[in-house]
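Just so we're aligned: the sequence shown equals residues 16 to 214 in this note's numbering. Each residue gets a CB set at the ideal place from its N, CA and C atoms; glycine is no exception. These numbers were taken from a predicted model, which means no experiment stands behind them. Please read the structure below before turning to the comments.
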Amino acid sequence: MSVLSFTTERHLDLCRITPPAGRGLRGRVRVPGDKSISHRALLLGAIAEGDTTIEGILPAADPQSTAACLRQLGVAITDFSAPVVTVTGVGLGRFQEPQTVLDCGNSGTTLRLLLGLLAASAGRFFVVTGDSSLRGRPMGRVVQPLQQMGASIWGRQAAGRAPLAVLGQGLKPMDYRSPVASAQVKSCILLAGLGLEGV
C-alpha cells in the first residue's frame, strides 16, 4: 500500500490518499511557489526585454519586497493575486534611477541579489535599506566581492550594514572563491557579471 501525503495551498489541511492495491497513482498536484525561485524569476524578468510570465509565484512578503523595489526601478509587475504574474522587463543595465530609497523590508535576499544588478547599472545612483532587522544583518559577504569587481558601494560599518549607497558603473571580471557557502553570494555575483564583456 502506498500513501501520498500533501498539504493544501493554505498549508493548513493535511490530506492522505491511499490508491487501490495494485494500481498506480495518477493525477496532478500543484505545489506551492518557492521563495528563492520567485525572487530570481522576478529579477531575471526585470532585466529581460519585454514580457516574462511567471506561474506559481510565492505571494509572500519577501518576493513582494523584490517586486516593490523593481517597480521603483521602472519595471512593470502585475499583482501577485493573479495565477500568472507578468513582468515587463526594461533590459539589462536599464533600470531607472528611483526617486526614493529602495526599501527591501525584511528580505535579505532582495537586498543582496538586487545589489548585484544595481552595481552594474552604470551612471545611476541608488540607496537601499530595510527594516531594523535587515539593517542589522551582514552585507559584507556580497559587498566585498562586488567592490573587487569595481563596484562603488558604501554605507554603515564599511558597507557591512544597510542602508547602502550604490553608484552604478562598469564592472570588471574576476575570479572569486567565496569564504562562505551562500546561494545569495553566488547569485549576486552572477547577476552583476551578466553585462560584462565575454558573458
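Check your understanding: Taking the alpha carbon of Q172 as the point to measure from, which residue in R45, G151, G210 and D190 has its own alpha carbon closest?
Key -> Out of R45, G151, G210 and D190, the CA that lies nearest to the CA of Q172 is found in G151.
Exercise for review: Report the three-state DSSP secondary structure of D66 (helix, strand or coil).
Suggested key: Correct three-state label for D66: strand.
Check your understanding: With which residues is L182 paired in a DSSP beta bridge?
Key -> Beta-bridge analysis with DSSP links L182 to F140 and S167.
Check your understanding: Are at least three pairs of beta-carbons, each pair with one atom in the region 113-121 and one in the region 191-200, less than 8 Å apart?
Key -> Short answer: they don't touch.
Review point. Where does G118 fall in DSSP's three states?
Key: Per the sequence presented here, residue 118 reads as Asp, with Gly not at that position. In the structure shown, the three-state DSSP call for D118 is strand.
Point to revise | Endpoints, the alpha helix (DSSP H) within which V200 is located | key: From DSSP, the alpha helix (DSSP H) with V200 extends over A198 to G208.
Practice item. Could you check the C-alpha separation between T67 and T33 for me, to the nearest Å? Key: Cα-Cα distance, rounded: 39 Å.
Exercise for review: Using three-state DSSP, classify G104 as helix, strand or coil.
Suggested key: It is a strand residue.
Exercise for review: State the beta-bridge partners of I52 as determined by DSSP.
Suggested key: Bridge partners of I52: none, in fact.
Exercise for review: Would you kindly work out how many angstroms separate the C-alpha atoms of F141 and R38, rounded to a whole number?
Suggested key: Using only the alpha carbons, I get a separation of about 59 Å.
Review point. Bridge partners of C99, per DSSP?
Key: A quick correction: the sequence has Val, not Cys, at residue 99. According to DSSP, V99 bridges with E70.
Practice item. State whether the region 92-106 contacts the region 70-77, with contact taken as three or more CB pairs (one from each stretch) at a distance under 8 Å. Key: With a cut-off of 8 Å, the region 70-77 and the region 92-106 count as touching, because enough Cβ pairs lie within range.
Exercise for review: Tell me whether G65 is buried or exposed, calling it buried when 16 or more other Cβ atoms sit within 10 Å of its Cβ.
Suggested key: By the beta-carbon neighbour count (other beta carbons within 10 angstroms, threshold 16), G65 is exposed.
Check your understanding: Which of helix, strand or coil does DSSP assign to R150?
Key -> Looking at R150 - three-state DSSP - the assignment turns out to be helix.
Practice item. Using the DSSP secondary-structure output, state which residues sit across from A91 in a beta bridge. Key: Bridge partners of A91: T103.
Check your understanding: In chain order, what residues of the same chain lie with their CB nearer than 6 Å to the CB of L132, ignoring the 5 residues before and after it?
Key -> The answer, listed in chain order, is L206.
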